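Residue numbers (the UniProt record's numbering): 1 to 146.
Just so it is clear, CB atoms sit at the ideal spot from N, CA and C, and this is done for glycine as well.
Treat the numbers as computed from the prediction; the structure is a model and nothing was measured.
The structure appears below as structure tokens.
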């Protein structure tokens, strides 16, 4: 039996004995590796059966394109504005300003009632009001009280 002094402070080092694998063990290990690589190769070979994997699409005809939606006489909206117009020159100013908007078809002005009716297809009512306010700052939507 070793003393504590010899156990912890001696110069003796542990000797590790390693038994090299035998020829049979080497052959078994090689066979296992070959079987594992063969299984991996089989996985990849299945994917090769499909042409251009993963971008394979079967040979089915493409569906016909959807018919283009025809706008059934684009809905016309009428925006009625209260604008302080007093003469033909004011009518010309507001008409030209509103007709510059995309989608405005017609501008009808009534000097006596100070009413402007704008017929438009694609122009938004907010854009119509803004265009009118650029020329006449007190332009607003027509109400029932007017």
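Whole-angstrom distance between residue j and residue i, CA atom to CA atom
{"i": "residue 126", "j": "residue 62", "result": "43 angstroms"}
{"i": "residue 139", "j": "residue 121", "result": "21 angstroms"}
{"i": "residue 117", "j": "residue 86", "result": "16 angstroms"}
{"i": "residue 22", "j": "residue 60", "result": "59 angstroms"}
{"i": "residue 6", "j": "residue 20", "result": "31 angstroms"}
{"i": "residue 38", "j": "residue 24", "result": "21 angstroms"}
{"i": "residue 36", "j": "residue 8", "result": "47 angstroms"}
{"i": "residue 95", "j": "residue 130", "result": "14 angstroms"}
{"i": "residue 31", "j": "residue 16", "result": "29 angstroms"}
Selection from the options that minimises the alpha carbon distance to residue i
{"i": "residue 144", "options": "99, 4, 115 and 8", "result": "115"}
{"i": "residue 134", "options": "120, 121, 111 and 101", "result": "101"}
{"i": "residue 93", "options": "111, 79 and 76", "result": "111"}
{"i": "residue 113", "options": "20, 129 and 142", "result": "142"}
{"i": "residue 146", "options": "84, 24 and 33", "result": "84"}
Buried versus exposed, by CB contacts within 10 Å (16 or more), residue i
{"i": "residue 136", "result": "buried"}
{"i": "residue 3", "result": "exposed"}
{"i": "residue 82", "result": "buried"}
{"i": "residue 79", "result": "buried"}
{"i": "residue 10", "result": "exposed"}
{"i": "residue 18", "result": "exposed"}
Expected contact under 8 angstroms - CB spacing of residue i and residue j to nearest Å
{"i": "residue 119", "j": "residue 89", "result": "Not really, about 22 angstroms apart at Cβ, beyond 8 angstroms."}
{"i": "residue 98", "j": "residue 124", "result": "Not confirmed; about 13 angstroms, so no contact."}
{"i": "residue 109", "j": "residue 128", "result": "About 13 angstroms; that fails the 8 angstroms criterion."}
Review point. At a cut of 8 angstroms, does the region 92 to 105 reach the region 57 to 68 through at least three beta carbon pairs?
Key: No, they do not touch.
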